[in-house]
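Quick note on my numbering: the sequence shown kicks off at 1322 and runs consecutively. Every residue gets a Cβ at the ideal spot worked out from N, C-alpha and C, and that includes glycine. Computed from a predicted model, the values in this text were never measured in an experiment.
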Amino acid sequence: MSLINQVYPVIWQNDSSGSLHGRVLLIDQTRLPNEFAFVEISRCDDMARAIKTMIVRGAPAIGVAAAYGMYLGAREIETTERDRFLTELETVAETLRVTRPTAVNLFWAIERMLKTARQTLGSVDYLKETLLQTAKQINADDLQTCRDIGEQGLSVLPKAPAKLRLLTHCNAGALATAGYGTALGVVRSAWRANRLERIYVDETRPRLQGAKLTAWECVQEAMPVTVITDSMAAHCMKRGMIDAVVVGADRIAANGDAANKIGTYSVALIAKAHNIPFFVAAPLSTIDFTIADGSQIPIEERDPEEVYQIGDTILCPPGVEYYNPAFDVTPASLISAIVTEYGAFTPAQIQSELYAKQIG
Ligand code: MRU
């Protein structure tokens, strides 16, 4: 497989018969790292399935994918009557909403698309065109936001040593966003600024996003990368091998509690025990000011098969029960700073510094 310079997991492709007839290309993340392939999506139902089955995954990326899904669903609506169109668009929104419950970016993007439709005057055709433009804008904005997060993160990383050994969990990279990444965006910026000695990547059981996706992205950019199993992180910290931890988030409550991939909470606890700074990198759209604390964040539970089976191999004997929560919540008290496109804030500063920006 040749190296890929720029990774964009969600791409809009115009059709020769006009841009409104285009399609979405998704990097099939279930096939990486062994195969780099795209899946073509032309219908809202297929986009919903792609989100649910994690062909596209990662909080900002599923937000972008859902925005295009809203357009694809809008395109399928046949009526030319505005009120009827808006009612049917609600059904499209619901198809996408029920895919994955934890990442707030999904709901944020769907709401933004609905609001655009409601506020746009003109014919139904014009509304559809505006929805496509809005989805493209959400895509472009997220890419810029990630680059900004990368820059902001660079300024809060420890000043010493000159070259850092960072640890990340799951994949909060280009694949999980419109491109560049949030947590991995910070790592990428450190690498480009010659401040990265090595990135340690938790494999991230059960779906192995660290081993499969983050490691793949690091290889594309020639970053020095070491994959460890999740259970090795404490040992590495105790041995002085890690200078800071950077992870992404799927939803951050108003008090700074942050939901991210299952296992993140354990990493935060052991980082605290070893006095290692623990950073959460996420766009403003990941903060859910409507909920006070992390106990109210819905946690997705996925198929038990993800726990008892790797590939074709069944790991456990018959007769066992399984529990497969896909996310956990790291309490704000364990987070050194939340790095957003507007700068780095302590969890306590989130509400006072960022609320106005989000609603504005
Ligand atoms: O289940 P996934 O792979 O969608 O979970 C992804 C994560 O937990 C990421 O860390 C999070 O979405 C942030 S992505 C920038």
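Excluding five sequence positions before and after V1507, the CB atoms of its chain that fall closer than 6 angstroms to its own CB belong to G1471, G1474, V1567, A1602, given in chain order.
Annotation note: the stretch 1355-1427 contains the following uninterrupted alpha helix (DSSP H) runs of length 4 or greater, listed N- to C-terminal: 1365-1373, 1380-1397, 1403-1418. For I1635, DSSP records a beta bridge to Q1630. Of the candidates T1455, I1520, R1439, Y1586, T1455 places its Cα closest to the Cα of W1333. L1435 sits close to A1414, with the two beta carbons spaced by under 7 angstroms. When only Cα atoms are considered, D1446 and Y1389 end up about 16 angstroms apart. In this structure, F1359 lies near L1346, with their beta-carbon atoms less than 7 angstroms apart. Where T1451 is concerned, there is no enclosing beta strand (DSSP E), although the alpha helix (DSSP H) around it starts and stops at 1445-1477. E1538: member of the alpha helix (DSSP H) spanning 1536-1541, first to last residue.
Beta bridge pairing from DSSP links N1581 with D1649. Per DSSP, the continuous beta strand (DSSP E) segment holding V1601 begins and ends at 1599-1602. Looking at the backbone, the Cα of R1486 and that of A1386 are separated by about 33 angstroms. Ordered along the chain, residues surrounding the ligand MRU are R1378, G1379, A1380, P1381, A1424, C1491, A1493, A1497, T1498, T1503, Q1530, G1569, A1570, D1571, N1581, K1582, A1647 [Cβ under 6 angstroms from any heavy atom]. Leaving aside the five residues that flank Y1392 on each side, the residues in its chain whose CB is nearer than 6 angstroms to its CB run, in chain order, L1452, L1453, A1456.
With a beta-carbon spacing of about 7 angstroms, A1665 and I1659 fall inside the 8 angstroms limit used to define contacts. Apart from sequence neighbours up to five positions away, the residues of its chain that approach A1592 with a beta-carbon distance below 7 angstroms are M1558, V1566, F1599, ordered along the chain. Under the DSSP assignment, G1664 falls in the beta strand (DSSP E) whose first and last residues are 1664-1666. Within the same chain, and ignoring the five residues on either side of W1429 in sequence, the residues whose Cβ sits closer than 7 angstroms to its Cβ are G1384, S1606. Unbroken beta strand (DSSP E) runs of no fewer than 3 residues, entirely contained in the stretch 1486-1557, are found at 1517-1523, 1546-1549, following chain order. Annotation for D1551: D1523, E1524, T1525, R1526, G1584 place their beta carbon closer than 7 angstroms to its own, counting only its chain and skipping 5 residues before and after. Separation of A1371 and A1380 (C-alpha to C-alpha, rounded to the nearest whole angstrom) is 14 angstroms.
If you draw a straight line from the Cα of A1589 to the Cα of A1481, it is about 21 angstroms long.
Distance between I1431 and R1396, taken at the CA atoms: about 15 angstroms. Nearest neighbour of P1652 by Cα position, chosen from I1459, L1496, I1325, A1613, turns out to be A1613. Comparing C-alpha distances from I1608 to each of P1479, T1667, Q1679, C1365 shows the shortest one belongs to Q1679. Residue range 1572-1574 is occupied by the beta strand (DSSP E) that includes R1572. A check of alpha carbon separations from N1426 across E1626, A1570, K1582 identifies A1570 as the nearest. Put simply, of N1645, I1635, N1355, S1587 the residue whose alpha carbon is nearest the alpha carbon of H1490 is S1587.
Close CB contacts of E1399 within its chain, under the 6 angstroms cut and outside five residues either way in sequence, are absent.
Q1672 and G1615 have their C-alpha atoms roughly 14 angstroms apart. Nearest Cα to L1505 within the set E1542, T1408, G1394, T1374: E1542.
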